[in-house]
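*Asks:*
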Amino acid sequence: MSETIFSKIIRREIPADIVYEDEHVLAFRDIAPKAPVHVLFIPKTPIATLDDAGPEHAELLGRLMLAAAAYARAQGFAEDGYRVVMNCNGDGGQTVFHIHLHLLAGRALSWPPG
198 MSETIFSKII RREIPADIVY EDEHVLAFRD IAPKAPVHVL FIPKTPIATL DDAGPEHAEL
258 LGRLMLAAAA YARAQGFAED GYRVVMNCNG DGGQTVFHIH LHLLAGRALS WPPG
């Protein structure tokens, strides 16, 4: 997998507004937020796209989801609601090829998303 901006954030080579970290996951505020709360949850192990994930990544993918839910509860907006989204490849809206989960909250979110 080629080097991405997320790899540099993990290594602290470029700044990010980090809001959550554990052994496997790092989360930081999106620099172009689409909602009042827009946080990206990334695995510290690089995987380019969801299509590149295999059975060996099942636990790591679960950790991303659980970290997002824990963050939503800790920040007090879980009960109001939030959305988690993972884009895959170009037509799916993925622009950084290191899988990442978007957590969006802070307002009512419409459906379909566009």
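The numbering of the sequence shown is this note's numbering, which starts it at 198 and goes up by one.
Backbone N, C-alpha and C fix where the C-beta goes; we use that ideal spot for every residue, glycine too.
Quick caveat, the model's predicted, so the values are computed rather than measured.
Mark residue 233 as exposed unless 16 or more other C-beta atoms lie within 10 angstroms of its C-beta, in which case mark it buried.
*Replies:* What you label residue 233 is simply residue 36 of the sequence shown in a count that begins at 1. Label assigned to residue 233: exposed.
*Asks:* If you draw a straight line from the C-alpha of residue 265 to the C-alpha of residue 235, how long is it?
*Replies:* Here residue 265 is taken as the residue at index 68 of the sequence shown, counted from 1. Here residue 235 is taken as the residue at index 38 of the sequence shown, counted from 1. Between the alpha carbons of residue 265 and residue 235 lies a gap of roughly 11 Å.
*Asks:* So within the stretch 214-274, which uninterrupted beta strand (DSSP E) runs reach at least 3 residues, ignoring any that extend past its ends?
*Replies:* 215-218, 222-226, 234-240
*Asks:* How should residue 230 be labelled, buried or exposed, when 16 other C-beta atoms within 10 angstroms of its C-beta is the threshold for buried?
*Replies:* The residue you call residue 230 lines up with position 33 of the sequence shown. Under this definition residue 230 is an exposed residue.
*Asks:* Which term fits residue 263, buried or exposed, when burial requires 16 or more other beta carbons within 10 angstroms of its beta carbon?
*Replies:* Here residue 263 corresponds to residue number 66 of the sequence shown, with the count starting at 1. Burial call: exposed.
*Asks:* Among the residues of its own chain, which have a CB less than 8 Å from the CB of residue 294, if the five just before and after it don't count?
*Replies:* The residue labelled residue 294 in the question sits at position 97 within the sequence shown. 198, 199, 201, 245, 246.
*Asks:* Under DSSP, the alpha helix (DSSP H) around residue 204 begins and ends at which residues?
*Replies:* For this step, residue 204 is matched to residue 7 along the sequence shown. For residue 204, the enclosing alpha helix (DSSP H) has its first and last residue at 202-207.
*Asks:* Quick check: what's the CA-CA separation for residue 220 versus residue 296?
*Replies:* Taking the sequence shown and counting its residues from 1, the one referred to as residue 220 is at position 23. Taking the sequence shown and counting its residues from 1, the one referred to as residue 296 is at position 99. Rounded to the nearest angstrom, the two C-alpha atoms are 17 Å apart.
*Asks:* Report yes or no: do the stretch 274-291 and the stretch 204-215 share at least 3 C-beta pairs separated by less than 8 Å?
*Replies:* no
*Asks:* Between 243, 308, 305, 300, which has its C-alpha nearest residue 272's C-alpha?
*Replies:* Within the sequence shown, the letter at position 75 stands for residue 272. Comparing Cα positions, the closest option is 300.
*Asks:* What is the C-beta distance between residue 258 and residue 239, in whole angstroms, given that I count them as a contact (C-beta under 8 Å)?
*Replies:* Position 61 of the sequence shown, counted from the first residue, corresponds to residue 258. Position 42 of the sequence shown, counted from the first residue, corresponds to residue 239. Not really, about 12 Å apart at Cβ, beyond 8 Å.
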